[in-house]
Amino acid sequence: MTTTHAYAARSAAAPLGPFSFDRRALGAGDVLIAIRYCGVCHSDLHTVKNEWGHTVYPVVPGHEIVGEVLETGSAVRSFKPGDLAGVGCMVDSCRTCPECQDGLEQFCEHGAIFTYNSPDRHTGGVTYGGYATHIVVDQDFVLRIPRNLDLAATAPLLCAGITTYSPLRHWGVGKGSRVGVVGLGGLGHMALKLAHAFGAHVTLFTTSAGKAEDARRLGADAVVVSGNAAEMKARAGSLDFILDTAGSSHKLDPYLRLLKRDGTMCLVGLPEHGHPPPDVSALINKRRQLAGSLIGGIRETQEMLDFCGAHNVVSDIELIPIQKINEAYERMLKSDVRYRFVIDLGSLR
């Protein structure tokens, strides 16, 4: 077993604080990783505060994990000590259902095992995530990190990156595609970078005119203030695909009307209280589609990392010590980060 130092929340009302536990003994197919950096996802905050109603305390969040392989089990062939490695949102699944067989473990019919706050089939307890010094993960759920990328800025790719890459890839975004991105936050800024790298013409839709300059730096070809009715009307029927990354509740109809015939609007944000129901006529007219997407499977996540390595795509981050995590949560609630916090775990060692 590996003694692991971490930060955990012990109740919905308590701040995160120091916590120690033992990672499981290394099995034949396991990889022991010394965590160097872990991204901070809004899902971490939702879970810590029990806003989804299923948190098991103490909870150690974190599913945007990058670090260095320390040791491998006897059956591991894909990794060796010294390799850079990553762990995303999942650490296991049934592997036998049709979804897993198709490389879509996030949709596992028996329930994917998520990196934290999920039943741990090895220990009988609950999985603990990446706000920690070490993690032990089955080799099939460990990812290779391109060495040319900044390691800290790579961490958010393990959630924010794959969450936006997967729908862009699935709906065939490429050169000549006209894509809209709704919202410029942790997910939105990755959507701009990736859609641009795919070769698409990208328009950001935002409630804040002050984000225009940054949006263009990140890859937007155009910026539209969504509250400007004239600007929105001028773009009616102009887009092939819209990726809605906004995490707050809002009307979908103004965006649906921006789609061409057979265009798709995909939701990846998860507002606490949902969105108002769309006007069905906005879908029926021009045969538009409203869809959703959830992270990505392990195979696709590796594809995303390789794509980012080839195109030098990483997240814009603010690096913090773990001791600043509660302050970071407060700032995240105010959208006071551009665009992802990443924890340097060195201060825990």
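Those letters in the sequence shown? Residues 8 to 356, by our numbering.
Glycine is no exception: its CB is placed at the ideal position from the N, C-alpha and C atoms.
I'd like the list of long-range same chain contacts for residue i, defined as Cβ closer than 6 Å, with 5 residues on each side in sequence excluded.
i: ALA4; result: Outside the modelled stretch of the chain, which goes from 8 to 356, sits residue 4, for which no answer is possible.
i: GLN296; result: THR271
i: PRO25; result: none
i: LEU326; result: ALA159, VAL349 and ASP351
i: GLY206; result: GLY181 and LYS182
Using the beta-carbon count (16 or more within 10 Å), is residue i buried or exposed?
i: SER50; result: buried
i: ASN319; result: exposed
i: VAL98; result: buried
i: ILE169; result: buried
Would you report the Cα separation of residue i and residue j, rounded to the nearest angstrom?
i: GLY193; j: ALA298; result: 20 Å
i: LEU301; j: GLU116; result: 14 Å
i: LYS267; j: PRO65; result: 48 Å
i: ALA160; j: GLY74; result: 12 Å
i: ALA243; j: ASP260; result: 11 Å
i: CYS48; j: LEU164; result: 11 Å
i: ILE120; j: ALA167; result: 19 Å
i: ALA16; j: LEU23; result: 4 Å
i: ALA32; j: THR9; result: 7 Å
i: ARG294; j: PRO174; result: 19 Å
i: SER85; j: ASN333; result: 37 Å
i: PRO285; j: LEU355; result: 47 Å
i: ILE42; j: GLU71; result: 10 Å
i: GLY93; j: PRO153; result: 10 Å
i: MET339; j: THR54; result: 14 Å
Using CA atoms only, rank isn't needed, just tell me which of the options is closest to residue i.
i: GLY131; options: ALA16, LEU301, ARG30 and LEU156; result: ARG30
i: HIS196; options: ARG102, ASP127 and ASP251; result: ASP251
i: ASP228; options: GLY244, ASN333 and ALA202; result: ALA202
i: VAL232; options: ARG306, LYS240 and SER215; result: SER215
i: VAL83; options: HIS257, SER288, TYR346 and VAL38; result: VAL38
i: HIS280; options: SER255, LEU263 and ILE249; result: SER255
i: PHE114; options: ILE305, THR171 and SER354; result: ILE305
i: ALA13; options: GLY69, LEU111, ASP286 and ALA32; result: GLY69
i: CYS273; options: ARG43, THR171 and CYS96; result: THR171
i: LEU345; options: ARG224, SER354 and SER85; result: Sequence check: residue 345 is Arg here, not Leu. Among ARG224, SER354 and SER85, the Cα nearest to that of ARG345 belongs to ARG224.
i: TYR44; options: TYR138, LYS56 and PHE314; result: TYR138
i: GLY337; options: PHE248, LYS56 and GLY34; result: One detail in the question is off: residue 337 reads as Glu in this sequence, not Gly. The shortest C-alpha separation from GLU337 is found at LYS56.
i: GLY179; options: ASP323, ASP247 and CYS107; result: ASP247
i: PRO278; options: GLY80, GLY190, VAL143 and SER184; result: GLY190
How close, in whole Å, do the beta carbons of residue i and residue j come, if the pair is a contact with beta carbons under 8 Å?
i: GLN309; j: LEU150; result: 5 Å
Say yes only if the C-beta of residue i is nearer than 8 Å to one or more non-hydrogen atoms of the ligand PLP, and no if none qualify.
i: THR308; result: Among the components modelled here there is no ligand, and therefore nothing to report on the ligand PLP.
Give me, in chain order, the residues of the same chain whose beta-carbon lies closer than 7 Å to that of residue i; leave out the 5 immediate sequence neighbours on both sides.
i: VAL209; result: VAL186, VAL188, LEU199, ALA202, HIS203, GLY226, ALA227 and ASP228
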